[in-house]
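Visitor: I am attaching a structure below and will ask some questions about it afterwards.
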Amino acid sequence: MNRSVDAIWRQRAGRFWQESMPYIRYMVQSGVPLVASMLLFTGIASYVGLLRAVPAAFPFTWVGVIVLTPFSCWSPLRTWLREADTVFLMPREAEMKLYLGQSFRYNGIAGTAALLLLCLIYCPLYVQGPGQLDWPLLLLAAVLVKLLNTAGAWQERRMPWQGARFSIRMLRWIVTAAGLALLLQASPWLAVAYVIAAALLMALLYRSQRKYRLPWLLLIAEETRTRRRYNVFFSAFTDVPSERAQVAKRNYLAWLAARSRYSKGNAFVYLYGHTLIRTELGGIIMRLTALGTVVGTLTAHSGLGLGWGSAGVNLLFVWLTGVQLGSLVQSHRHSVWRHVYPLPDKARLSALLRIDRIASLICISVLWLPQIILLPGQGLLAPAVTAALLGLGYIFVIRPVGLKRNFARTDDD
Amino acid sequence: MDSVLEVRNLTGGYSPRRPVLHGLSFEVRAGEMVGLIGLNGAGKSTAIKHILGLMQAHEGDIRIQGNTLEQQPEQYRSALAYVPETPLLFDELTVEEHLRLTGMAYGVEESLYSERCASLLDEFYMTGKRKAFAAHLSKGMRQKVMIMNALLAQPALYVIDEPFLGLDPLGIRSLLDKLVEVKRQGSAIFMSSHILSTVESYCDRFIVLHGGKIIAQGTLEDVCATAGVSSGIGSLEEAFYRMVADGGRHEPVG
Numbered sequence: 001m002n003r004s005v006d007a008i009w010r011q012r013a014g015r016f017w018q019e020s021m022p023y024i025r026y027m028v029q030s031g032v033p034l035v036a037s038m039l040l041f042t043g044i045a046s047y048v049g050l051l052r053a054v055p056a057a058f059p060f061t062w063v064g065v066i067v068l069t070p071f072s073c074w075s076p077l078r079t080w081l082r083e084a085d086t087v088f089l090m091p092r093e094a095e096m097k098l099y100l101g102q103s104f105r106y107n108g109i110a111g112t113a114a115l116l117l118l119c120l121i122y123c124p125l126y127v128q129g130p131g132q133l134d135w136p137l138l139l140l141a142a143v144l145v146k147l148l149n150t151a152g153a154w155q156e157r158r159m160p161w162q163g164a165r166f167s168i169r170m171l172r173w174i175v176t177a178a179g180l181a182l183l184l185q186a187s188p189w190l191a192v193a194y195v196i197a198a199a200l201l202m203a204l205l206y207r208s209q210r211k212y213r214l215p216w217l218l219l220i221a222e223e224t225r226t227r228r229r230y231n232v233f234f235s236a237f238t239d240v241p242s243e244r245a246q247v248a249k250r251n252y253l254a255w256l257a258a259r260s261r262y263s264k265g266n267a268f269v270y271l272y273g274h275t276l277i278r279t280e281l282g283g284i285i286m287r288l289t290a291l292g293t294v295v296g297t298l299t300a301h302s303g304l305g306l307g308w309g310s311a312g313v314n315l316l317f318v319w320l321t322g323v324q325l326g327s328l329v330q331s332h333r334h335s336v337w338r339h340v341y342p343l344p345d346k347a348r349l350s351a352l353l354r355i356d357r358i359a360s361l362i363c364i365s366v367l368w369l370p371q372i373i374l375l376p377g378q379g380l381l382a383p384a385v386t387a388a389l390l391g392l393g394y395i396f397v398i399r400p401v402g403l404k405r406n407f408a409r410t411d412d413d
Numbered sequence: 001m002d003s004v005l006e007v008r009n010l011t012g013g014y015s016p017r018r019p020v021l022h023g024l025s026f027e028v029r030a031g032e033m034v035g036l037i038g039l040n041g042a043g044k045s046t047a048i049k050h051i052l053g054l055m056q057a058h059e060g061d062i063r064i065q066g067n068t069l070e071q072q073p074e075q076y077r078s079a080l081a082y083v084p085e086t087p088l089l090f091d092e093l094t095v096e097e098h099l100r101l102t103g104m105a106y107g108v109e110e111s112l113y114s115e116r117c118a119s120l121l122d123e124f125y126m127t128g129k130r131k132a133f134a135a136h137l138s139k140g141m142r143q144k145v146m147i148m149n150a151l152l153a154q155p156a157l158y159v160i161d162e163p164f165l166g167l168d169p170l171g172i173r174s175l176l177d178k179l180v181e182v183k184r185q186g187s188a189i190f191m192s193s194h195i196l197s198t199v200e201s202y203c204d205r206f207i208v209l210h211g212g213k214i215i216a217q218g219t220l221e222d223v224c225a226t227a228g229v230s231s232g233i234g235s236l237e238e239a240f241y242r243m244v245a246d247g248g249r250h251e252p253v254g
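If you're matching them up, the sequences are chains R and E in order. Each residue of the first sequence is one higher than the last, beginning at 1 in UniProt numbering. Each residue of the second sequence is one higher than the last, beginning at 1 in UniProt numbering.
Structure, rendered in structure tokens:
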């Protein structure tokens, strides 16, 4: 049966969400939405407080540019394409316009809605700043910028050379950030003239590059990467059938794993250390730790809730990184080498416990830094110390119990 | 010669009601290379999975150097290195890191590890790729990594499933040279392959598996005699064809 390509697209999208639903249920049961809502309410309370008394020297434009640029520029594309499509869908390349049109709508609508929501949140701050454009027009301009970026991102995907793709993407982000800065501060006519000129110049640049008609391999790789990220995220809450892991060299951290002493007892420590550092799991934990450090710095700087609010936020991130780290136990459990290597299975558990303890200690140390640097200066030492003690208790008392339980459960499966 | 691998009356498969292997009995001795040959679906990989302990036998007994997996798991596994049909690499490790992990897992002394690692990388023309990840290796190179890992451990028994798939001519030559070398040093090699001419040239004995049963085993002369063909260079292929092309009318040998 020769189904239309857009029917294939709809079926694939439907199947993805159908397969993801059970995992989403597990995630909801784990309490993550509760934590997210608490974070959201804390954020809203702090934002409302800020709006009531905005300091005279507040960097309105900088904040706007920093917040709006990533949402304007980042243009993911879910295509649901798989390697087998180079055999089955490639012969129908002429019809793929219809197929990809669905992908553009799918991501375009969601991305634009997210940007508009962010603009709406930012607008109460914007109207108190130096902006000359009416805020409804700012929303319109944001949509235009988003559309231009989506088109630009597509042209970049079609470029065959990774170096050119990366450089032009960087250029697009810089040009967009400058455009947003003008829209948020300069005279509207100047900003509009800049946006038009920049769009024309970028279009000329894209035109001058060699391009694929349809970048099959790149789209398949992008889709695989996205799927893998969903899998890594969901695997923190339940067992997810794993696909091939995406790895990054991360030499700046890999030396830590390579330092494990050469001995039979350390074989699994060596393996799991590299797994944590080089797979997407390590990326997620690093991003979470960085985000936690930034949020911790802001809350500690403002002495949120006499320091206790800040300590709470710190512990939330300690817990969140811990939840993600917990999915390391799923790695290699189906590997044939686990059975072939002359190593007892208990060596795997002790390696996991060791890696978990080291990684958790590194994460909470980084997350705790803003607390100990910023809180004592405001006479708020107790919350900082309490956060540290509770964090250590979590790592040394609670986590090993949970990890052993998960290990036994995954081993029985 | 001492027996390294002993398989006695092995019946096994994925379901107890439908066994894939039926009463296999054979042995592989120290300093011997035994070729396992059979059509697709004959049960070669299933037999290997039972030897590795990845599948449990319904009946029968498998011993490596006299140890069973149930009673002496560490001794059983230390004596065995495996090269799978499809390279199974850790995506997050480089070529060199795979070798280091194997060295650690098998308890190879560190100085010996460094020596063997450098020499294997050189012999398999992989020195330039030692920092490469699995995703950046061709299929043949990934297979070379598997082979190098097995050779690094230098165990008493090598279980090798279709080792030549994807290997370039230099890789095949390096592998065969190394197998001859480790055999001379006293290791036992149990190898499954469809390249009958190579199997004939390098193996001392052969096991012909068909429909999960051994229909012939022994030296080239023994197998040819069972098939009713005269032995000589290239005769394994003719014998094999005779035995399996008719749908396997040959009765299993005891």
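We put the beta carbon where it would ideally sit given N, CA and C, even for glycine. Remember, predicted model here, so these are calculated numbers, not experimental data.
Between which two residues does the beta strand (DSSP E) harbouring residue 176 of chain R extend?
Guide: If you number the first sequence from 1, residue 176 of chain R lands on position 176. That residue, residue 176 of chain R, is in no beta strand (DSSP E); its alpha helix (DSSP H) goes 162–185.
Visitor: Could you tell me the alpha carbon to alpha carbon distance between residue 86 of chain R and residue 216 of chain R, rounded to whole angstroms?
Guide: If you number the first sequence from 1, residue 86 of chain R lands on position 86. If you number the first sequence from 1, residue 216 of chain R lands on position 216. Using only the alpha carbons, I get a separation of about 7 Å.
Visitor: Short of 8 Å in beta carbon distance, which residues of its chain neighbour residue 16 of chain E, apart from the five on each side in sequence? Order them along the chain.
Guide: Residue mapping note: residue 16 of chain E aligns to position 16 of the second sequence, counting from 1. Excluding residues within five positions, the ones whose Cβ falls inside 8 Å are 58.
Visitor: Thinking C-beta only, is residue 72 of chain R closer than 9 Å to residue 180 of chain R?
Guide: On the first sequence, residue 180 of chain R is found 180 positions in, with the first residue counted as 1. On the first sequence, residue 72 of chain R is found 72 positions in, with the first residue counted as 1. Against a cut-off of 9 Å, the Cβ pair of residue 72 of chain R and residue 180 of chain R comes out as a contact.
Visitor: Counting C-beta neighbours from all protein chains within 10 Å, is the total for residue 79 of chain R 16 or more, i.e. buried, or is it exposed?
Guide: Along the first sequence, one-based indexing puts residue 79 of chain R at 79. Counting Cβ neighbours within 10 Å, residue 79 of chain R comes out buried, since at least 16 surround it.
Visitor: Check the C-beta distance from residue 322 of chain R over to residue 394 of chain R and give it rounded, since I have them as a contact under 8 Å.
Guide: For the purposes of this step, residue 322 of chain R is taken as residue 322 along the first sequence, with counting starting at 1. For the purposes of this step, residue 394 of chain R is taken as residue 394 along the first sequence, with counting starting at 1. About 7 Å; that satisfies the 8 Å criterion.
Visitor: Which first and last residues belong to the beta strand (DSSP E) in which residue 81 of chain E is found?
Guide: As a first step, residue 81 of chain E must be located in the second sequence, where it is residue number 81. From DSSP, the beta strand (DSSP E) with residue 81 of chain E extends over 80–83.
Visitor: Threshold first: 4 residues or longer. Then list the alpha helix (DSSP H) segments lying entirely within the segment 49–128 of chain E, N to C.
Guide: Here the runs fully enclosed are 73–78, 95–105, 110–123.
Visitor: Among R/63, R/24, R/42, R/81, whose alpha-carbon lies nearest the alpha-carbon of residue 226 of chain R?
Guide: Translated into positions along the first sequence, residue 226 of chain R becomes position 226. Here the closest residue by C-alpha is R/81.
Visitor: Specify whether the segment 259–279 of chain R and the segment 297–304 of chain R touch according to this definition: at least 3 beta carbon pairs, one from each stretch, less than 8 Å apart.
Guide: These segments do not touch.
Visitor: Mind checking which residues open and close the alpha helix (DSSP H) that includes residue 258 of chain R?
Guide: By 1-based counting over the first sequence, the position of residue 258 of chain R is 258. It spans 251–258 - the alpha helix (DSSP H) in which residue 258 of chain R sits, taken as one unbroken run.
Visitor: Run through chain R and tell me which residues come within less than 7 Å of residue 97 of chain E, C-beta to C-beta.
Guide: Along the second sequence, one-based indexing puts residue 97 of chain E at 97. The answer, in chain order, is 274.
Visitor: At 4 residues or longer, and completely inside the segment 340–397 of chain R: list those alpha helix (DSSP H) runs for me, N to C.
Guide: Counting whole runs of 4 or more residues, the segment 340–397 of chain R contains the alpha helix (DSSP H) stretches 345–374, 381–393.
Visitor: What runs of the beta strand (DSSP E), each 3 residues or longer, lie entirely inside the segment 189–238 of chain E?
Guide: List check, beta strand (DSSP E) in window: 205–210, 213–218.
Visitor: What is the DSSP secondary structure of residue 26 of chain E, counted as helix, strand or coil?
Guide: Reading the second sequence from its first residue, position 26 is the one you call residue 26 of chain E. In the structure shown, residue 26 of chain E sits in a strand (DSSP, three-state: E or B).
Visitor: Measure the alpha-carbon distance for residue 91 of chain R versus residue 178 of chain R and round it to whole angstroms.
Guide: The sequence position of residue 91 of chain R within the first sequence is 91, counting from 1. The sequence position of residue 178 of chain R within the first sequence is 178, counting from 1. Between residue 91 of chain R and residue 178 of chain R, the C-alpha separation is close to 42 Å.
Visitor: Does the contact criterion of 3 or more C-beta pairs under 8 Å hold for the segment 121–138 of chain R versus the segment 152–165 of chain R?
Guide: With the cut-off at 8 Å, the segment 121–138 of chain R and the segment 152–165 of chain R do not touch.
Visitor: Which of the residues in the segment 338–354 of chain R, read from start to end, lie with their CB under 9 Å from any CB of chain E?
Guide: Cβ contacts with chain E come from 339, 340, 341, 342, 343, 344.
Visitor: List the DSSP bridge partners of residue 6 of chain E.
Guide: In the second sequence, counting from the first residue as 1, residue 6 of chain E sits at position 6. DSSP, once it has assigned bridges, lists E/27, E/63 as partnering residue 6 of chain E.
Visitor: For the structure I just gave you, are there three or more beta carbon pairs, one from the segment 383–391 of chain R and one from the segment 169–177 of chain E, closer than 8 Å?
Guide: Verdict: no, contact absent.
Visitor: Look at the Cβ atom of residue 117 of chain E, then the Cβ atom of residue 170 of chain E, and state whether they are nearer than 9 Å.
Guide: Along the second sequence, one-based indexing puts residue 117 of chain E at 117. Along the second sequence, one-based indexing puts residue 170 of chain E at 170. No, the Cβ-Cβ distance between residue 117 of chain E and residue 170 of chain E is not below 9 Å.
Visitor: Return no unless some Cβ of chain R is closer than 9 Å to the Cβ of residue 84 of chain E.
Guide: The count along the second sequence starts at 1 and reaches residue 84 of chain E at position 84. Yes, contact with chain R.
Visitor: If residue 28 of chain E sits next to residue 188 of chain E, beta carbons under 8 Å apart, how far is it from one beta carbon to the other, in whole angstroms?
Guide: By 1-based counting over the second sequence, the position of residue 28 of chain E is 28. By 1-based counting over the second sequence, the position of residue 188 of chain E is 188. Yes, they are in contact, since the Cβ atoms of residue 28 of chain E and residue 188 of chain E sit about 5 Å apart, within 8 Å.
Visitor: Against chain E, does residue 266 of chain R count as a neighbour if the rule is that its beta carbon must be under 9 Å from one of theirs?
Guide: Along the first sequence, read from residue 1 onward, the residue named residue 266 of chain R stands at position 266. Residue 266 of chain R counts as touching chain E.
Visitor: Closer than 7 Å by C-beta to residue 356 of chain R: which residues in its own chain qualify, once you throw out the five before and the five after it? Chain order, please.
Guide: As a working mapping, residue 356 of chain R is identified with position 356 in the first sequence. Here the set comprises 325, 328, 399, 403.
Visitor: I'd like the list of long-range same chain contacts for residue 96 of chain R, defined as Cβ closer than 8 Å, with 5 residues on each side in sequence excluded.
Guide: Looking up residue 96 of chain R in the first sequence gives position 96. Taken in chain order, the residues that qualify are 5, 89, 214.
Visitor: Under 8 Å between beta-carbons, which chain R residues line up against residue 78 of chain E? List them in chain order, please.
Guide: Counted from its first residue, the second sequence places residue 78 of chain E at position 78. Correct list: 342.
Visitor: How many Å lie between residue 174 of chain R and residue 250 of chain R at the Cα?
Guide: Here residue 174 of chain R refers to the residue found at position 174 of the first sequence. Here residue 250 of chain R refers to the residue found at position 250 of the first sequence. So the two alpha carbons sit approximately 25 Å from each other.
Visitor: What does a CB cutoff of less than 8 Å around residue 223 of chain R pick up in its chain, not counting 5 residues either side in sequence?
Guide: Against the first sequence, residue 223 of chain R aligns to sequence position 223. Hits under 8 Å: 78, 79, 80, 81, 82.
Visitor: Among R/99, R/320, R/140, which residue has its Cα nearest to the Cα of residue 12 of chain R?
Guide: Taking the first sequence and counting its residues from 1, the one referred to as residue 12 of chain R is at position 12. The candidate whose alpha carbon is nearest that of residue 12 of chain R is R/99.
Visitor: Are the CB atoms of residue 331 of chain R and residue 289 of chain R nearer to each other than 9 Å?
Guide: Taking the first residue of the first sequence as 1, we reach residue 331 of chain R at position 331. Taking the first residue of the first sequence as 1, we reach residue 289 of chain R at position 289. No, they are not a contact pair.
Visitor: In terms of residues, what are the limits of the alpha helix (DSSP H) holding residue 27 of chain R?
Guide: For the purposes of this step, residue 27 of chain R is taken as the residue at position 27 of the first sequence. Here the alpha helix (DSSP H) through residue 27 of chain R covers 5–29.
Visitor: Which parts of the segment 291–348 of chain R are runs of the alpha helix (DSSP H), unbroken and 4 residues or longer, counting only runs that do not cross its ends?
Guide: The segment 291–348 of chain R contains these whole alpha helix (DSSP H) runs: 308–325, 337–340.
Visitor: Quick one: list the residues of chain E neighbouring residue 262 of chain R, beta-carbon separation under 8 Å, in chain order.
Guide: Position 262 of the first sequence, counting from 1, holds the residue named residue 262 of chain R. In chain order: 100, 103, 104, 110, 113.
Visitor: Does DSSP classify residue 15 of chain E as helix, strand or coil?
Guide: Position 15 of the second sequence holds residue 15 of chain E. Note: residue 15 of chain E maps to strand in three-state DSSP.
Visitor: Whose C-beta lies closer than 7 Å to the C-beta of residue 149 of chain R among residues of the same chain, with five residues either side of it excluded?
Guide: As a first step, residue 149 of chain R must be located in the first sequence, where it is residue number 149. Hits under 7 Å: 72, 73, 75, 172, 176.
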